[in-house]
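Taken in sequence, the protein lines are chains H and D. Position 30, counted from 1, in the first sequence is what our numbering calls 30; the numbers after and before it change by one each time, with no gaps. Position 85, counted from 1, in the second sequence is what our numbering calls 85; the numbers after and before it change by one each time, with no gaps. All residues carry an ideal CB built from backbone N, CA and C; glycine is no exception.
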Amino acid sequence: AQSVTQPDIHITVSEGASLELRCNYSYGATPYLFWYVQSPGQGLQLLLKYFSGDTLVQGIKGFEAEFKRSQSSFNLRKPSVHWSDAAEYFCAVGPSYNNNDMRFGAGTRLTVKP
Amino acid sequence: DAGVTQSPTHLIKTRGQQVTLRCSPKSGHDTVSWYQQALGQGPQFIFQYYEEEERQRGNFPDRFSGHQFPNYSSELNVNALLLGDSALYLCASSLGTPGVISNEQFFGPGTRLTVL
Chain H
1 AQSVTQPDIH
11 ITVSEGASLE
21 LRCNYSYGAT
31 PYLFWYVQSP
41 GQGLQLLLKY
51 FSGDTLVQGI
61 KGFEAEFKRS
71 QSSFNLRKPS
81 VHWSDAAEYF
91 CAVGPSYNNN
101 DMRFGAGTRL
111 TVKP
Chain D
1 DAGVTQSPTH
11 LIKTRGQQVT
21 LRCSPKSGHD
31 TVSWYQQALG
41 QGPQFIFQYY
51 EEEERQRGNF
61 PDRFSGHQFP
71 NYSSELNVNA
81 LLLGDSALYL
91 CASSLGTPGV
101 ISNEQFFGPG
111 TRLTVL
């Protein structure tokens, strides 16, 4: 069965520092991978997705993620964090044929220090 | 474009009661999905509606039911509420063939349900 693990429950970084949020997945076939962000009082917003092709994916708000099949990982990165990036981040994995079978990780809460 | 809207924002109920949550999809979207997000967890798929029919269902009991109206808006109903039903309930809308993963889902802000 597919599953997603986000090893870090909470991460704190200083504004301007780089960020990497970890995501490991378990899936039997080629996964479709997503990163979402959830700010307080807001719905989930799609940051980026990987379906196929180039394993380095660019998203919105300056985020990128790299798919590493050998490590079953899809880590999210940003070179310089802004205070407005403070939020909850969710990694998700799903099959190609059914977006309702997406499995979300438990999330990583990002705190940004001034 | 108002995006996906949900009402109410917050709701407090007691065990055994029934609750109805509402969702208006993003303009032009015809597919609505509902998710439950327990505290400290990621969202879990409840069910999806398309053409006023339930198309797919996650691992949730029959106490959870829904409806989609001709204008594509949707309701989630939960009967015989349990303490464990306390969660953030998210609605997501998309356009196109239900279930196709490339059809991006747009999420609403959610309804926070507390069961006492």
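Environment of residue i [buried if 16+ CB atoms lie within 10 Å]
i	result
H10/D	exposed
Q105/D	buried
R103/H	buried
S94/D	buried
P31/H	buried
D85/H	buried
H29/D	buried
L113/D	buried
V100/D	exposed
Q71/H	exposed
G108/D	buried
W83/H	exposed
I12/D	exposed
A2/D	exposed
P43/D	buried
Bridge-paired residues (DSSP) for residue i
i	result
G94/H	Y32/H
R57/D	F47/D
V115/D	K13/D
A87/D	L113/D
G66/D	L76/D
I11/H	L110/H
P92/D	Residue identity check: residue 92/D is Ala in the sequence provided, not Pro. DSSP lists S33/D, F107/D as partners of A92/D.
S102/D	Answer is none; S102/D lacks a bridge partner.
Y25/H	V4/H
V4/D	Beta-bridge pairing links V4/D to no other residue.
Q45/H	V37/H
L19/H	K78/H
Proximity of residue i and residue j at Cβ, strictly below 8 Å
i	j	result
V78/D	Q37/D	no
Y89/D	G58/D	no
L21/H	L76/H	yes
P98/D	Q56/D	yes
A106/H	Q6/D	no
T108/H	Y89/H	yes
V13/H	V81/H	yes
W34/D	G84/D	no
Q68/D	V32/D	yes
L21/D	L81/D	no
T55/H	F67/H	yes
G59/H	L47/H	yes
S102/D	F51/H	yes
S74/D	Y49/D	yes
Y25/H	S39/H	no
W35/H	A1/H	no
Q6/H	C23/H	yes
heavy atom of the ligand SAM below 7 Å from residue i C-beta
i	result
Y89/D	Among the components modelled here there is no ligand, and therefore nothing to report on the ligand SAM.
Quiz item: In chain order, which beta strand (DSSP E) runs of at least 3 residues are fully inside the region 17–45 of chain D?
Solution: 19–24, 31–37
Self-check item: alpha helix (DSSP H) segments (min. 4 residues) lying fully within the region 47–108 of chain H
Solution: none
Self-check item: Positions along the region 82–115 of chain D whose CB lies within less than 9 Å of some CB in chain H
Solution: L90, C91, A92, S94, P98, G99, V100, I101, S102, N103, E104, Q105, F106, F107, G108, P109, G110
Quiz item: Using a Cβ cut-off of 7 Å, which residues of the region 59–72 of chain D contact any Cβ in chain H, in chain order?
Solution: none
Quiz item: Which of the residues in the region 14–44 of chain H, read from start to end, lie with their CB under 7 Å from any CB of chain D?
Solution: Y32, G41, Q42, G43, L44
Exercise. Check distances from the C-beta atoms of the region 19–52 of chain D to those of chain H and list, in chain order, the residues that come in under 7 Å.
Key: S33, G40, Q41, G42, P43, F45, Q48
Exercise. Select from the region 54–84 of chain H all residues with a C-beta closer than 9 Å to any C-beta belonging to chain D, and list them in chain order.
Key: none
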